[in-house]
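Asker: Residues in the sequence shown are numbered consecutively from 19, following the working numbering.
Think of the CB as a built atom: it goes at the ideal place given N, C-alpha and C, for glycine as much as any other residue.
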Amino acid sequence: MSGHSKWATTKHKKAAIDAKRGKMFAKLIKNIEVAARTGGGDPGANPTLYDAIQKAKKTSVPNDNIDRAVKRGSGAEAGGADYQAITYEGYAPGGVAVLIECLTDNKNRAAGEVRIAMSRNGGAMADPGSVAYLFNRKGVIIVAKEQGGTELAEDDLLLAVLEAGAEEVNDLGDNFEILSEATDLVAVRKALQDAGIDYESAEASFVPSMNVEVDADGARKVLRIIDALEDSDDVQNVYSNFDASDEVMAEVG
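So, in structure tokens, the structure goes:
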């Protein structure tokens with residue numbers, strides 16, 4: 019199980035009780051606004067917007083907030099910000115690669131906050147391209163094993179998604195993770211819907227092509243950097259290629 023998968027699961031489990039819920043809501047709303055601005059305000063014709071809305075709903079973002087974000091992004095309501103997408107690259111202690119996606123209306127502020135978060139927690143910024151090649155853009159869908167009171171079998175999940183373009187299914191404990199090419203994400207998501215299988219989130223993400231094994235101390239250092247980065251309002255997503263055994267992650271807590 020990759021560090022990517024473990025961290026995704028950790029965040030998923032924390033979501034309902036995280037003290038940073040308000041910050042998480044704001045980032046999900048920003049995703050919706052940008053998706054509506056880029057592809058229009060109709061979720062039926064804009065798959066990126068559809069998936070952003072579904073993820074926000076799964077995280078209990080109020081419908082009114084979602085609707086206003088769509089209207090701001092599509093221009094139906096004033097007040098939308100001009101967000102820019104910026105990617106930063108760096109290393110956590112132990113040579114662990116870190117890829118940071120930002121959506122910001124102030125590039126200088128975003129760059130400063132990312133650099134401070136990295137340097138104060140033992141990380142270092144890297145030149146563009148020196149880390150990105152270690153990651154591939156993939157479609158990532160998280161599916162809860164618990165489906166309406168029954169447990170979803172991995173074989174049933176594979177049967178539903180393989181012909182739609184799914185490349186692999188990983189067991190994350192309480193959830194399954196489905197990986198596909200980013201271009202097949204919508205087809206795989208629709209295959210789940212057609213099969214009546216509920217999913218937690220569907221989005222294009224960066225998945226590491228190679229991992230760096232870490233011990234408990236190394237895992238803590240990486241997670242400390244990720245927490246510091248995600249504390250910035252401008253940081254949307256943080257990806258890392260650390261790998262740790264179940265025993266190590268249990269020790270980390």
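What residue from L177, T66, G59, L190 has the CA that sits closest to S85's CA?
Answerer: This sequence places Asp at residue 85; Ser is not what is there. Selected option, being the one with the closest Cα: G59.
Asker: Spatial neighbours of Q254 within its chain, please: C-beta separation below 8 angstroms, excluding the five flanking residues on both sides.
Answerer: K45, K48, N49, E119, C120, L121
Asker: Here's a check: name, in chain order, each residue in its chain whose Cβ is nearer than 6 angstroms to the Cβ of A234, leaving out the five neighbours to either side.
Answerer: V266, E269, V270
Asker: Three or more C-beta pairs closer than 8 angstroms, one from the stretch 179-188 and one from the stretch 209-217: is that the case here?
Answerer: yes
Asker: With DSSP as the reference, label V253 as helix, strand or coil.
Answerer: strand
Asker: Under a three-way DSSP split, which group does S92 fall into?
Answerer: In the structure shown, S92 sits in a helix (DSSP, three-state: H, G or I).
Asker: Which residue's Cα is closest to the Cα of R90: K163, V52, N154?
Answerer: V52
Asker: Give me the residue from E231, S263, V204 with the minimum Cα distance to A70.
Answerer: Closest in C-alpha terms to A70, from the list E231, S263, V204, comes V204.
Asker: Taking 6 angstroms as the limit between beta carbons, can you name the residues of its chain near Y101, skipping five residues before and five after?
Answerer: V52, L121, D123
Asker: Expressed to the nearest angstrom, what Euclidean distance is found between the alpha-carbon atoms of A99 and S219?
Answerer: 25 angstroms
Asker: Just to confirm my understanding: we take A55, look at its own chain, exclude 5 residues before and 5 after, and list those with CB closer than 6 angstroms. What are they?
Answerer: With the sequence shown as reference, residue 55 is identified as Arg, and Ala is not the correct amino acid for it. Cβ within range, chain order: G91.
Asker: Could you tell me the alpha carbon to alpha carbon distance between V187 and A96, rounded to whole angstroms?
Answerer: Each residue's alpha carbon lies about 42 angstroms from the other.
Asker: Does R242 come out as helix, strand or coil in the three-state DSSP assignment?
Answerer: Looking at R242 - three-state DSSP - the assignment turns out to be helix.
Asker: In this structure, how does DSSP classify M228 when only helix, strand and coil are distinguished?
Answerer: coil
Asker: Candidates G214, R155, K76, I160: which alpha carbon is nearest G191's?
Answerer: I160
Asker: I want to know whether the stretch 126-142 touches the stretch 239-249 - three or more CB-CB distances under 8 angstroms.
Answerer: yes
Asker: Measuring alpha carbon to alpha carbon, tell me which residue in D82, T66, A135, E199 is nearest S250.
Answerer: A135
Asker: Just mark G40 as buried or exposed, buried being the case when its beta carbon has 16 or more other beta carbons within 10 Å.
Answerer: exposed
Asker: Using the three-state DSSP reduction, which class does Y101 fall into: helix, strand or coil?
Answerer: coil
Asker: Note down the Cα distance separating A246 from N126, rounded to an integer number of angstroms.
Answerer: Their Cα atoms are separated by approximately 18 angstroms.
Asker: What separation, rounded to the nearest whole angstrom, lies between the Cα atoms of R133 and G108?
Answerer: 9 angstroms
Asker: Going by CA-CA distance only, name the one from M228, S263, S223 that's closest to G157.
Answerer: S223
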